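Worksheet for the structure shown next.
Protein chains in written order, with my numbering: chain A, -7 to 123; chain B, -7 to 123.
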């Protein structure tokens, strides 16, 4: 497969595209992150989600530290070409570095943000073996 | 309700936060856009999605031209505070300006991007009455 399809992405001024991960089956939106060209290319080729870490300024192979890889079932592109949607199988059932299923674990109610998802595994345990 | 909760958002250097709209019921991710403080405040107060149009540099009250408003059932915030997820009821069943249900109407296959969703209503008809 040639990489012509990568040229249809509208990379932002930092060379990144927004990437949303949605869980296959449950439909739960797990996280939003960013990808550069290499991250998206590797994701498509290898079938595992690879992001670009803006804080660390390097490729972030999701699960490299936690083991919580995302197996990518499908990659979708939006009308503007500036966001991709990954339909994924979430290994360990934990996408968030806080140990929760989804990163979207706060919901707005009349008093502000309230937590709606339990910590399934403590972060100190998740990252212990791989640190 | 005071607006203390807005201070927990990590606005980017342009004063924006990423906003993902997901359809209630179907779980379909409809679109990704951006919000500034006023857009998110109005969305929470009025129950209809208001975004910030980066191309037009003004508030974009979703549906103002198309009639395809989004009634917001829930607003979620991610762990980093830099992305919100709106669970919405999509009026007209069309979120995309191209007349499709979702903006994510392209899927990557071995030959590149392929369209996976039909145009439900031609854009020239959608925008005719309101232009």
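Backbone N, C-alpha and C fix where the C-beta goes; we use that ideal spot for every residue, glycine too.
Remember, predicted model here, so these are calculated numbers, not experimental data.
Over the uninterrupted beta strand (DSSP E) stretch that includes residue 124 of chain A, give me the two end residues. Nothing about residue 124 of chain A can be reported from this structure: the residues present for chain A run from -7 to 123 only.
DSSP three-state label for residue 49 of chain A, please.
Locating residue 49 of chain A in the first chain gives position 57, where the first residue counts as 1. Residue 49 of chain A carries a coil assignment under DSSP once its states are collapsed to helix, strand and coil.
Are any of the Cβ atoms in chain B nearer than 8 Å to that of residue 98 of chain A? Counting from 1 along the first chain, the entry for residue 98 of chain A is found at position 106. Yes, contact with chain B.
Cutoff 8 Å: residue 24 of chain B Cβ touching any chain A Cβ: The residue given as residue 24 of chain B occupies position 32 in the second chain. Interface flag for residue 24 of chain B against chain A is set, since a Cβ pair is found closer than 8 Å.
(message) I'd like to check one pair, residue 62 of chain A with residue 82 of chain A: are the Cβ atoms closer than 8 Å?
(response) Taking the first residue of the first chain as position 1, residue 82 of chain A is located at position 90. Taking the first residue of the first chain as position 1, residue 62 of chain A is located at position 70. Yes. Within cutoff.
query = Residues in its own chain within less than 7 Å of residue 119 of chain B by CB, not counting five upstream and five downstream?
reply = Position 127 of the second chain, counted from the start, is the residue given in the question as residue 119 of chain B. Taking residue 119 of chain B as the centre and dropping the five residues before and after it, the same chain places the C-beta of 57, 58 closer than 7 Å to its C-beta, in chain order.
- Taking DSSP as the reference, what is the three-state secondary structure of residue 25 of chain B? The residue you call residue 25 of chain B lines up with position 33 of the second chain. Strand at residue 25 of chain B.
Within 8 Å, strictly: CB atoms of residue 14 of chain A and residue 112 of chain A:
Residue numbering aside, residue 14 of chain A sits at position 22 when the first chain is read from its first letter. Residue numbering aside, residue 112 of chain A sits at position 120 when the first chain is read from its first letter. Annotated as distal: residue 14 of chain A and residue 112 of chain A, with beta-carbon spacing of 8 Å or more.
Practice task
With residue 100 of chain B as the anchor, note down where its beta strand (DSSP E) starts and where it stops.
Solution key: Within the second chain, numbered from 1, the residue matching residue 100 of chain B stands at position 108. 98 to 101 is the extent of the beta strand (DSSP E) around residue 100 of chain B.
- Flag residue 107 of chain B as yes if its beta-carbon sits less than 8 Å from any beta-carbon of chain A, otherwise no. If you number the second chain from 1, residue 107 of chain B lands on position 115. So no, residue 107 of chain B is outside the interface.
*Give a yes or no on whether the C-beta atoms belonging to residue 74 of chain B and residue 21 of chain B are separated by under 8 Å.*
On the second chain, residue 74 of chain B is found 82 positions in, with the first residue counted as 1. On the second chain, residue 21 of chain B is found 29 positions in, with the first residue counted as 1. No, they are not a contact pair.
With three or more C-beta pairs closer than 8 Å as the rule, is the stretch 21 to 37 of chain A touching the stretch -4 to 11 of chain A?
yes
Compare the C-alpha of residue 2 of chain B against each of B:51, B:71, B:55, B:43 and name the closest.
-> Numbered from its first residue, the second chain carries residue 2 of chain B at position 10. Its Cα nearest to that of residue 2 of chain B, the residue B:71 stands out among B:51, B:71, B:55, B:43.
Practice task
Might you give, ordered along the chain, the residues of its own chain that have their beta carbon closer than 8 Å to the beta carbon of residue 80 of chain A, omitting 5 neighbours on each side?
Solution key: The residue labelled residue 80 of chain A in the question sits at position 88 within the first chain. Around residue 80 of chain A: 13, 14, 15, 16, 22, 41, 62, 63, 64, 65.
I need the straight-line Cα distance from residue 47 of chain B to residue 114 of chain A, nearest angstrom please. As a working note, residue 47 of chain B is residue 55 in the second chain. As a working note, residue 114 of chain A is residue 122 in the first chain. Looking at the two C-alpha atoms, the distance is approximately 42 Å.
- Under 7 Å Cβ to Cβ from residue 95 of chain A, same chain only, skipping five residues before and after it: list those, please. Residue numbering aside, residue 95 of chain A sits at position 103 when the first chain is read from its first letter. Only 22, 23, 87, 88 meet the Cβ criterion.
Please confirm if residue 77 of chain B has its CB atom under 8 Å from at least one CB of chain A. On the second chain, residue 77 of chain B is found 85 positions in, with the first residue counted as 1. Cβ-Cβ to chain A under 8 Å: yes for residue 77 of chain B.
Q: Just the C-alpha distance for residue 97 of chain B and residue -3 of chain A, rounded to the nearest angstrom, thanks.
A: Your numbering for residue 97 of chain B matches position 105 in the second chain. Your numbering for residue -3 of chain A matches position 5 in the first chain. Rounded to the nearest angstrom, the two C-alpha atoms are 15 Å apart.
Self-check item: Any chain A beta carbon closer than 8 Å to residue 69 of chain B
Solution: Translated into the one-based positions of the second chain, residue 69 of chain B becomes position 77. With 8 Å as the cut-off, residue 69 of chain B counts as an interface residue toward chain A.
So which of A:92, A:103, A:90 has the shortest CA-CA distance to residue 37 of chain B?
Looking up residue 37 of chain B in the second chain gives position 45. Checking every option, the nearest Cα to that of residue 37 of chain B belongs to A:103.
If you follow the beta strand (DSSP E) that residue 3 of chain B is in, where does it begin and where does it stop?
Locating residue 3 of chain B in the second chain gives position 11, counting from the first residue. Premise fails: residue 3 of chain B is in no beta strand (DSSP E) and is neither H nor E.
Item to complete: Give the interface partners of residue 89 of chain A over in chain B, defined as CB-CB distance under 8 Å, in chain order.
Response: For the purposes of this step, residue 89 of chain A is taken as the residue at position 97 of the first chain. By Cβ distance, chain B contributes 71.
field: N-terminal and C-terminal residue of the beta strand (DSSP E) that residue 65 of chain A is part of
entry: Working through the first chain from its first residue, we reach residue 65 of chain A at position 73. It spans 62 to 69 - the beta strand (DSSP E) in which residue 65 of chain A sits, taken as one unbroken run.
Distance, residue 117 of chain A Cα to residue 108 of chain A Cα
On the first chain, residue 108 of chain A is found 116 positions in, with the first residue counted as 1. On the first chain, residue 117 of chain A is found 125 positions in, with the first residue counted as 1. The straight-line gap from Cα to Cα measures roughly 21 Å.
Inset, instruction - Kindly indicate if chain A contains any beta-carbon less than 8 Å away from that of residue 12 of chain B. - result: To locate residue 12 of chain B, count along the second chain from 1; it is residue 20. Chain A, which has a Cβ nearer than 8 Å to the Cβ of residue 12 of chain B, makes this yes.
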